[in-house]
Amino acid sequence: MLRIENLVMRFGGVVACNDFSAEIKKGQIVGLIGPNGAGKTTIFNVVTGVYKPTSGQILFNPTGDQQHRLTGLSPDKIAQLGVCRTFQNIRLFGELTVLENVFIGNHLRVKSDVFSTVLRLPHYAAEEKRMYEKSLYLLEKIGLQDTRNEKATSLPYGMQRRLEIARALATDPKLLLLDEPAAGMNPQETQDLIQFIREIKEEFDLTIFLIEHHMDVIMEISEKIYVLDHGILIAEGNPSEIQQNQKVVEAYLGVG
Amino acid sequence: MGDVSIFLQHMTNGVSLGSLYALIAIGYTMVYGILRLINFAHGDIFMLGVYLTYYGVTYTSLPWWLVFLLAPLLTGIIGILLERVAYKPLRGSARITILISAIGASFLLQNLGIVIFGGRPRAFPVPQMLNHVVRVGGVSINFVTFIIPAVTILLLLGLTYFTTKTKTGLAMRALSKDYETASLMGIDINRIISITFFMGSFLAAIGGILWGSRYPQLMPLMGSMPGLKSFIAAVVGGIGNITGAVIGGFILGLGEIMLVAFLPRLSGYRDAFAFVLLIIILLVKPSGLMGDKVTEKV
Numbered sequence: 127m128l129r130i131e132n133l134v135m136r137f138g139g140v141v142a143c144n145d146f147s148a149e150i151k152k153g154q155i156v157g158l159i160g161p162n163g164a165g166k167t168t169i170f171n172v173v174t175g176v177y178k179p180t181s182g183q184i185l186f187n188p189t190g191d192q193q194h195r196l197t198g199l200s201p202d203k204i205a206q207l208g209v210c211r212t213f214q215n216i217r218l219f220g221e222l223t224v225l226e227n228v229f230i231g232n233h234l235r236v237k238s239d240v241f242s243t244v245l246r247l248p249h250y251a252a253e254e255k256r257m258y259e260k261s262l263y264l265l266e267k268i269g270l271q272d273t274r275n276e277k278a279t280s281l282p283y284g285m286q287r288r289l290e291i292a293r294a295l296a297t298d299p300k301l302l303l304l305d306e307p308a309a310g311m312n313p314q315e316t317q318d319l320i321q322f323i324r325e326i327k328e329e330f331d332l333t334i335f336l337i338e339h340h341m342d343v344i345m346e347i348s349e350k351i352y353v354l355d356h357g358i359l360i361a362e363g364n365p366s367e368i369q370q371n372q373k374v375v376e377a378y379l380g381v382g
Numbered sequence: 129m130g131d132v133s134i135f136l137q138h139m140t141n142g143v144s145l146g147s148l149y150a151l152i153a154i155g156y157t158m159v160y161g162i163l164r165l166i167n168f169a170h171g172d173i174f175m176l177g178v179y180l181t182y183y184g185v186t187y188t189s190l191p192w193w194l195v196f197l198l199a200p201l202l203t204g205i206i207g208i209l210l211e212r213v214a215y216k217p218l219r220g221s222a223r224i225t226i227l228i229s230a231i232g233a234s235f236l237l238q239n240l241g242i243v244i245f246g247g248r249p250r251a252f253p254v255p256q257m258l259n260h261v262v263r264v265g266g267v268s269i270n271f272v273t274f275i276i277p278a279v280t281i282l283l284l285l286g287l288t289y290f291t292t293k294t295k296t297g298l299a300m301r302a303l304s305k306d307y308e309t310a311s312l313m314g315i316d317i318n319r320i321i322s323i324t325f326f327m328g329s330f331l332a333a334i335g336g337i338l339w340g341s342r343y344p345q346l347m348p349l350m351g352s353m354p355g356l357k358s359f360i361a362a363v364v365g366g367i368g369n370i371t372g373a374v375i376g377g378f379i380l381g382l383g384e385i386m387l388v389a390f391l392p393r394l395s396g397y398r399d400a401f402a403f404v405l406l407i408i409i410l411l412v413k414p415s416g417l418m419g420d421k422v423t424e425k426v
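Order-wise, the sequence lines are chains A and B.
Using this note's numbering, read the first sequence as starting at 127 and increasing by one per residue.
Using this note's numbering, read the second sequence as starting at 129 and increasing by one per residue.
Here it is as structure tokens:
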């Protein structure tokens, strides 16, 4: 689904990510962990096109017949190919309503042009109806159908996180990048979230790439984990391999 | 009786001038909402709209109403080109850089206007239909004075429909809140920015045509004063807010006309009124009447 090859990202003299390679297969949940400032979010930013990498490349669908090079594409083109994300610090459109936030996500799957929108041509009306129903369905999925006309910022924190996921789902992604979805959640909310991620993965046939600090989340749902420290990949493997890896323990706890 | 009708006449004039400021102010405010840029060349886009109409009516055999429609469309395209040439290459640089580019673009358009159109004032070809004088009660009012607010209200309704009900309008609102997230949700920012410039310039050109029908004298520098005042109208209303821009436009238009009407000794200070209003609003409520509260992220 996604192959990252020898990615280097430099900001002036700071190397945020040095020679990082990874491979995510279709249908996998892959975790990305590391201490604060290790360069995890930088990798997400490069994959989604916010940053242009200093060198290296990223391939989408590397083995399929519709192979795409993501490096060099603009964020909206990448989203169109089916890569969408959520944010570490929630970035909903605060002034817009809950429903409108999800509606925005639908935006790029609509074929109608400005003229048919303004003139309310029949096929546009049908498409709009379909979008509306899909948005409502997603809201129902996250339990927010009753608050759909409230401003997004008025929701409680945990719900805002879920709304971000729903907005990302509205773009019909194939690959979903989740940046610390469990941040600030209590153990019960975290358990619900794990359940929720599993559900949407099945229902929408997703591949998930996930940054998380809650080790219980990562260890429970990832099939494969990459560990970054100071921009360098120090380990990769399945959860039990990572838990026993000496370098990972040192990176997190410091060398004794 | 006489007093009432004279007051009404001033009101009509004020509303009509206010509508013109509102139409131009919308362009400032829309561009600011999306790019956080004061497009100082907007007044000159307005000027281009008027000149295009002048040339269309005078030198082609097209009917005037068709020219009145085509010229704003063409002006809209010029607005898109302006953004592509003067602002897009600087996207991502410091805001002051783009602002300076805007001032440069303004001077360029004004001086190009002088070179191409000539510095000599020209007469705007006002269609007979609009020039017609209507007598209401004891006062005579030019027909165009009524047309201006009517056209403005229609355009505002259209604009409100567009921003609240269409997906492009929704994308525009999303973009004005968070640029980066919007693009990550698959919104093509370049396309939305182009549409914004098109609409702003289109409205400015309509404003220009109406302006020309009312004050039928064309000069290449004619855009700068209405441009500045409409900018003030946008700031007074709360820059970035379309409703605010319209309210600001009406306050400015009515205030200006009333000042001249009731304090004729101060009529020489007509232009100063706008600037005094700007100073007051910046001192009392810098975010404008309808503006968002500015909260710093920490």
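All C-beta atoms in this analysis are idealised placements derived from N, C-alpha and C, irrespective of residue type, glycine included.
Residues that S415/B contacts on chain A, provided the C-beta gap is smaller than 8 Å = Near S415/B there are no residues of chain A at all, since even the closest Cβ is about 15 Å away, more than 8 Å.
For K425/B, which residues of its own chain have a beta-carbon under 7 Å away from its beta-carbon, when the five flanking residues on both sides are left out?
-> Only weak support exists for where K425/B lies, its pLDDT of 47 falling under 50; the value from the coordinates is given anyway. Excluding sequence neighbours, K425/B sits near nothing in its chain.
Which one of G138/A, F335/A, I360/A and D331/A has the shortest CA to CA distance from K373/A?
-> When the alpha-carbon of K373/A is set against those of G138/A, F335/A, I360/A and D331/A, the nearest one is in I360/A.
Using the rule of at least 16 other Cβ atoms within 10 Å of the residue's Cβ for burial, across every protein chain shown, is H233/A buried or exposed?
-> Buried is the call here.
CA-CA distance, L284/B and V143/B?
-> So the two alpha carbons sit approximately 15 Å from each other.
Chain-ordered neighbours of G314/B on chain A, where CB pairs are closer than 7 Å = Residues of chain A passing the Cβ test: D202, A205, Q206, H233, L234 and T297.
Going straight from the alpha carbon of Q369/A to that of Q183/A, what length do you get?
-> The straight-line gap from Cα to Cα measures roughly 29 Å.
Distance, Cα to Cα, V364/B vs V213/B?
-> It is roughly 29 Å from the alpha-carbon of V364/B to the alpha-carbon of V213/B.
Verify the CB distance criterion: does G220/A have a CB-CB separation below 8 Å to chain B?
-> So, interface residue.
Under the three-state reduction of DSSP, which class applies to V262/B: helix, strand or coil?
-> Looking at V262/B - three-state DSSP - the assignment turns out to be strand.
Can at least three beta-carbon pairs, one atom from the segment 223-232 of chain A and one from the segment 288-304 of chain A, be found at a separation below 8 Å?
-> Cβ pair count under 8 Å is three or more, so yes.
Do N434/A and G363/A have their C-beta atoms closer together than 8 Å?
-> Chain A is shown from 127 up to 382; residue 434/A falls before or after that span and cannot be answered.
Give the straight-line distance between the Cα atoms of G153/A and D318/A, rounded to the nearest whole angstrom.
-> Their Cα atoms are separated by approximately 21 Å.
Just the chain B side, please: which residues come within less than 7 Å of R274/A by C-beta, in chain order?
-> Near R274/A there are no residues of chain B at all, since even the closest Cβ is about 14 Å away, more than 7 Å.
If S147/B and P277/B are in contact, beta carbons under 8 Å, what's the gap, nearest whole angstrom?
-> Right, their Cβ atoms sit about 5 Å apart.
Below-8 Å beta-carbon distance, I162/B vs any chain D residue | This model lacks chain D altogether, as its protein chains are A and B.
Would you mind sorting K166/A into buried or exposed? The rule is 16 or more other CB atoms within 10 Å of its CB.
-> That one is buried.
Could you tell me which chain A residues have their CB closer than 7 Å to the CB of R301/B, listed as they occur along the chain?
-> Within chain A, L222 have C-beta atoms less than 7 Å from the C-beta of R301/B, given in sequence order.
At least one CB of chain B closer than 8 Å to the CB of R293/A: is that the case?
-> Yes, because at least one Cβ of chain B sits closer than 8 Å to the Cβ of R293/A.
Assuming P307/A contacts T212/A (C-beta within less than 8 Å), just tell me the rounded distance between them.
-> The beta carbons of P307/A and T212/A sit about 6 Å from each other, so the pair counts as a contact at 8 Å.
Residues of its chain near V195/B, where Cβ-Cβ distance is below 8 Å and the 5 sequence neighbours each way are ignored = The beta carbon of V195/B sits closer than 8 Å to those of T181, G184, V185 and T188, all from its chain and outside the five residues before and after it, given in chain order.
On the three-pair Cβ rule with 8 Å, is the segment 329-348 of chain B touching the segment 386-393 of chain B?
-> Too few Cβ pairs lie closer than 8 Å, so no.
Collapsed DSSP secondary structure at S348/A in the structure displayed = Of the three classes helix, strand and coil, the one that applies to S348/A here is coil, per DSSP.
Specify, as a first and last residue, the run of the alpha helix (DSSP H) that V254/B falls within.
-> Unbroken run through V254/B: none, as it is neither H nor E.
Classify I315/B as helix, strand or coil using the three-state DSSP reduction.
-> The three-state reading of DSSP puts I315/B in coil, since its state is none of H, G, I, E or B.
Assigned exposure category for L80/B - 16 Cβ within 10 Å defines buried | With chain B covering 129 to 426 only, the question about residue 80/B has no answer from this structure.
Of the residues P365/A, L354/A and S366/A, the one placed nearest A377/A, counting alpha carbons only = The shortest C-alpha to C-alpha distance from A377/A to any of P365/A, L354/A and S366/A is the one to L354/A.
Under 9 Å Cβ-Cβ, which residues of chain A neighbour I317/B?
-> Among the residues of chain A, those whose CB is under 9 Å from the CB of I317/B are S200, P201 and D202, following chain order.
Helix, strand or coil: how does DSSP classify S415/B here?
-> Note: S415/B maps to coil in three-state DSSP.
Report back the beta-carbon spacing between F235/B and Y179/B to the nearest angstrom; my notes put them in contact at under 8 Å.
-> About 17 Å separates the CB atoms of F235/B and Y179/B; that is not less than 8 Å, and the two are not in contact.
Amino acids of chain B, ordered along the chain, whose beta-carbon sits closer than 9 Å to that of E226/A | Within chain B, the residues placing a beta-carbon under 9 Å from that of E226/A are L298, R301 and A302, ordered along the chain.
When DSSP builds the beta bridges, which residues end up paired with N270/B?
-> Note: N270/B is bridge-paired with V261/B in the DSSP secondary-structure output.
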